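For reference, the structure discussed in these notes is given below.
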Amino acid sequence: MIDPDTEFGARVERRLREDVIGWLVTVSADGTPQPNPVWFVWDGETALIYSIPDQAKLRNIERNPQISLHLDSGSGGDDIVILTGSAAVDPAAPPVDQNRPYVEKYGDEIKRIGFAGAAKMAEKYAVAIRFTPRKVRGF
Numbered sequence: 003m004i005d006p007d008t009e010f011g012a013r014v015e016r017r018l019r020e021d022v023i024g025w026l027v028t029v030s031a032d033g034t035p036q037p038n039p040v041w042f043v044w045d046g047e048t049a050l051i052y053s054i055p056d057q058a059k060l061r062n063i064e065r066n067p068q069i070s071l072h073l074d075s076g077s078g079g080d081d082i083v084i085l086t087g088s089a090a091v092d093p094a095a096p097p098v099d100q101n102r103p104y105v106e107k108y109g110d111e112i113k114r115i116g117f118a119g120a121a122k123m124a125e126k127y128a129v130a131i132r133f134t135p136r137k138v139r140g141f
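Counting from 3, one number per residue, gives the positions in the sequence shown under my numbering.
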């Protein structure tokens, strides 16, 4: 789906590895888009996102698994990346503190927002969401 041999594909792959924030967009029961900033880790095919249990985004995904993940643009509105696909709770995913790529990417941020470490974050963000993109667009 993402062709890293193209300039755009290489940029998308880099941003999926390096960007700290993505915007997960689910759809509420009344059809309203619900964007939420999330942390994510990209494995080359899917993005893993952690959530606090009982959040609206989880109910939205259960009802309608078709979502999008947007990566912020530059301040001039360029470098837009929008991935669309499906998401589901992934009970087989490791908890935050056992996900080495996630901890390597967000370790400093985990402490900055007040957690005493990844294990404490794992207690609160106990639900893993696996996003599988099917399309990518941007400019």
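Built from N, CA and C at the ideal position, the CB exists for glycine as well. Predicted model, so just to flag it, every value in this text is computed and none were measured.
- Query: Given residue 53, which residues of its chain have a CB within under 7 Å of its CB, disregarding the five upstream and five downstream residues?
  - Reply: Closer than 7 Å at the Cβ level, and outside the excluded window around residue 53, lie 59, 60, 127, 129 and 131.
- Burial state of residue 75, where buried means 16 or more other Cβ atoms lie within 10 Å: exposed
- residue 26 versus 3, 93, 43 and 117, residue with shortest Cα-Cα distance: 43
- Can you tell me whether residue 141 is buried or exposed, with buried defined as 16 or more other CB within 10 angstroms of its CB? Exposed: under 16 other Cβ atoms inside 10 Å.
- Message: Quick check on DSSP: helix, strand or coil for residue 108?
- Response: helix
- Nearest to residue 86 (by Cα), restricted to the options 138, 104, 119 and 36: 138
- Touching or not, the segment 92-106 and the segment 63-70, by the rule of three or more beta carbon pairs under 8 Å? With the cut-off at 8 Å, the segment 92-106 and the segment 63-70 do not touch.
- Message: Less than 7 Å between the C-beta atoms of residue 73 and residue 21, yes or no?
- Response: yes
- residue 39 and residue 23: beta carbons closer than 7 Å? yes
- Take residue 96 as the anchor and find which of 136, 51 and 68 has the nearest alpha-carbon. It is 51 whose Cα lies nearest to the Cα of residue 96.
- Under the three-state reduction of DSSP, which class applies to residue 11: helix, strand or coil? Taken through DSSP and simplified to helix, strand or coil, residue 11 comes out as helix.
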